[in-house]
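Numbering (the working numbering), first residue to last: 65 to 439. Where a beta carbon is used, it is the ideal one built from N, C-alpha and C, also for glycine. Since the model is a prediction, treat every value here as computed from it, not as a measurement.
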Ligand SMILES: [Zn+2]
């Protein structure tokens with residue numbers, strides 16, 4: 065940790081790629097935001113988005129680690145929804161790993177994509193658009209469309225693979241899960257490598273980064289974990305670990321002999337939201353990751369006098385992969401996100417073995433245990 069007097073552009077532990085030996089001549093420089101990054105170097109780039117109304121330029125921070133040897137080019141981005149900040153911390157920790165000095169290929173880290181939303185604690189851009197519905201965008205479109213266009217042109221076009229880090233929306237919490245089009249073999253491989261126990265098969269949403277990147281031939285997985293505007297240590301740890309596993313599976317970092325059998329994730333192909341049957345105050349009785357049965361009690365909604373109590377029950381068997389943390393609900397509000405699956409034993413095995421805090425202590429991420437956990 066640095067004191068305020070020692071502020072530098074690159075944090076302690078964030079070493080430049082290995083300068084020993086000559087870079088592979090085939091590893092051409094990469095140009096992002098008008099800045100050329102040579103093989104075997106690491107650069108922080110302020111990618112210009114637009115000007116603020118104050119005349120000050122608005123830029124997005126990007127860090128590029130361009131290995132000495134050729135290989136895949138992975139982008140990792142967060143805060144596409146400006147208030148989803150777990151991913152910002154995931155990227156901070158990722159960039160401290162000393163193993164990155166041995167990186168093969170290129171890592172492009174964009175910790176805050178939606179900079180205006182991040183500054184105003186908002187999911188959206190100042191033009192009230194959702195950036196993740198504004199892809200591919202255009203240079204002459206709305207601010208959201210222009211930022212989407214810039215991100216595609218500067219980041220996605222320079223990448224072969226991508227990981228997009230999200231959390232639940234405001235007051236909504238997600239059990240750590242990886243999402244993607246699992247019918248695409250390369251996407252499925254990345255999702256499986258990420259190694260969290262829930263893999264959710266999701267179709268492409270019109271205007272999303274994931275859809276636009278896949279049209280450019282860049283498979284992208286989305287990691288969803290935690291709640292907007294909050295840090296959640298287990299979600300952050302599982303995220304850092306997941307990205308390292310993907311880097312290894314792409315052979316961008318040295319692979320390790322697998323110890324024991326890889327855990328089989330639970331593949332989710334359908335899900336539904338249980339909505340509030342009436343307005344009132346919700347007393348939730350099931351947490352994230354709970355296995356539930358059809359008809360099981362999820363919570364109770366009552367008015368402030370305790371009258372008109374109404375039970376909220378599940379219409380199906382499943383596992384709770386998302387839920388609201390806000391007790392104040394209106395009729396029709398989405399309360400519990402239930403994923404459908406087959407076989408309760410598989411669920412138990414997958415979820416019970418998931419201990420992100422303990423896993424973090426072995427392998428490349430172990431050096432990060434020097435940092436006190438966020439509580
Ligand atoms: Zn999001």
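For residue 265, DSSP records a beta bridge to 244. Residue pairing from DSSP places residue 355 in a beta bridge opposite 383.
For the set 163, 157 and 410, the Cα lying nearest the Cα of residue 318 is the one of 163. For residue 401, the CB stays at least 6 Å from every heavy atom of ligand 1. Going down the chain, each residue whose beta-carbon is closer than 5 Å to a heavy atom of ligand 1 shows up: 145, 148 and 230. Taken in chain order, the complete beta strand (DSSP E) segments of 3 residues or longer contained in the stretch 128-211 are 133-142 and 168-174. Between residue 142 and residue 177, the alpha-carbon positions lie close to 6 Å from each other. Residue burial annotation: residue 219 is buried, with at least 16 other C-beta atoms found within 10 angstroms of its C-beta. At a Cβ-Cβ threshold of 7 Å, residue 292 and residue 299 do not count as neighbours. Nearest to residue 340 by C-alpha distance, out of 390, 314, 294 and 306, is 390. In its own chain, leaving out the 5 sequence neighbours on each side, no residue places its CB closer than 6 Å to the CB of residue 117. Comparing C-alpha distances from residue 392 to each of 343, 373, 401 and 274 shows the shortest one belongs to 343. Secondary structure of residue 303 (DSSP, three-state): helix. C-alpha of residue 385 to C-alpha of residue 422: approximately 21 Å in a straight line. CA-CA distance, residue 248 to residue 214, rounds to 26 Å. The alpha carbon of residue 337 has as its nearest neighbour, out of 225, 201 and 402, the alpha carbon of 402. For residue 334, the enclosing beta strand (DSSP E) stretches over residues 334-339.
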